[in-house]
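Numbering (my numbering), first residue to last: 49 to 331.
Here you go:
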């Protein structure tokens, strides 16, 4: 059995408009000069260039935008056996690498491992399963967060699966890229597995997803269409019912609007059309 070390894990960080590496100090809770973990940063900016004179920290500057684009650039340029996908506003927990290495040794042929995220008070960011499990389509109603994901580079190369650049911040559909990635991995015959261990901390006040926003509903329709266009019709009604049941939307006219927004997402994903989005500037 192969033996892995922290040097086999490269951390891929998506960021924007950076000119220095000081932001890494909060992520690692260390001065930049003391960070030895392999890191690849993709800095998206039209005006600012980031550079590194530290051997373990590589930088790619990209003049275009899009979170999934950034993730894919990093994946294509990864040099280690595994990659951990991070953003620039998180903190790595002290035991993270121990948990990741244990999971890698236990599941060396798994394409994607996902873990748990905590808040600054130590509580889970959201509800998680208590036990380890292998992903099935039924587990993908919302999907893991990117910063919880560790990918096996060889399995990703073999499958050819990448982040779908129509999804994610800066794209036509501004969320759902993780769910789409996992759906594509399962379709390609790859495995994903959830490990019930905390590896990363994220602030409670963040760019959370508002289930009632037009952008969210539109993107949810596209995610549903990507998975199964026929089932998307049922999921539309299910999502509208969810909005009503949770008390997020009580006005009938708003519920009808939500139905059509979801439907526009389904239609626009299927056709490649951006007309509905262009007609509604709030999408």
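C-beta atoms are modelled at their ideal positions from N, C-alpha and C, and glycine is treated no differently. Quick caveat: nothing in here was measured; it's all calculated off a predicted structure.
In three-state DSSP terms, what is residue 227?
Looking at residue 227 - three-state DSSP - the assignment turns out to be helix.
Would you call residue 195 buried or exposed, if buried means 16 or more other Cβ atoms sit within 10 Å of its Cβ?
Buried, by the Cβ-count rule.
In this structure, does DSSP put residue 272 in helix, strand or coil?
Of the three classes helix, strand and coil, the one that applies to residue 272 here is helix, per DSSP.
Within the same chain, show all residues whose beta-carbon is closer than 8 Å to that of residue 91, passing over the 5 residues directly before and after it, in chain order.
Annotation for residue 91: 63, 64, 65, 66, 97, 98, 107, 108, 109 and 110 place their beta carbon closer than 8 Å to its own, counting only its chain and skipping 5 residues before and after.
Would you report the Cα separation of residue 178 and residue 244, rounded to the nearest angstrom?
Looking at the two C-alpha atoms, the distance is approximately 6 Å.
Would you identify the three-state DSSP class for residue 143, choosing helix, strand or coil?
If DSSP states are grouped into helix, strand and coil, residue 143 belongs with coil.
Give me the DSSP bridge partner(s) of residue 91.
Its beta-bridge partners are 63 and 109.
Flag residue 155 as yes when its Cβ comes closer than 7 Å to any non-hydrogen atom of the ligand ADP, and as no otherwise.
Because no ligand of any kind appears in the structure shown, any question about the ligand ADP cannot be addressed here.
Let's see if you can read the secondary structure: which residues bound the beta strand (DSSP E) around residue 250?
Segment 240 to 250, the beta strand (DSSP E) holding residue 250.
Based on DSSP bridge pairs, tell me the residues matched to residue 308.
Bridge partners of residue 308: none, in fact.
To the nearest whole angstrom, what separates the beta carbons of residue 88 and residue 144, a pair I think is in contact under 8 Å?
Not really, about 17 Å apart at Cβ, beyond 8 Å.
Would residue 320 and residue 270 be called neighbours here (beta carbons separated by less than 8 Å)?
Residue 270 is positioned such that its CB atom lies no closer than 8 Å to that of residue 320.
Please state whether the Cβ-Cβ distance between residue 158 and residue 241 is less than 8 Å.
Remark: C-beta atoms of residue 158 and residue 241 approach each other more closely than 8 Å.
Reduced DSSP secondary structure (H/G/I, E/B, other) of residue 264
Residue 264: helix per DSSP, three-state reduction.
Suppose contacts are defined by Cβ-Cβ distances below 8 Å. Is residue 246 in contact with residue 139 by that definition?
Here residue 246 is not near residue 139, since their CB atoms are 8 Å or more apart.
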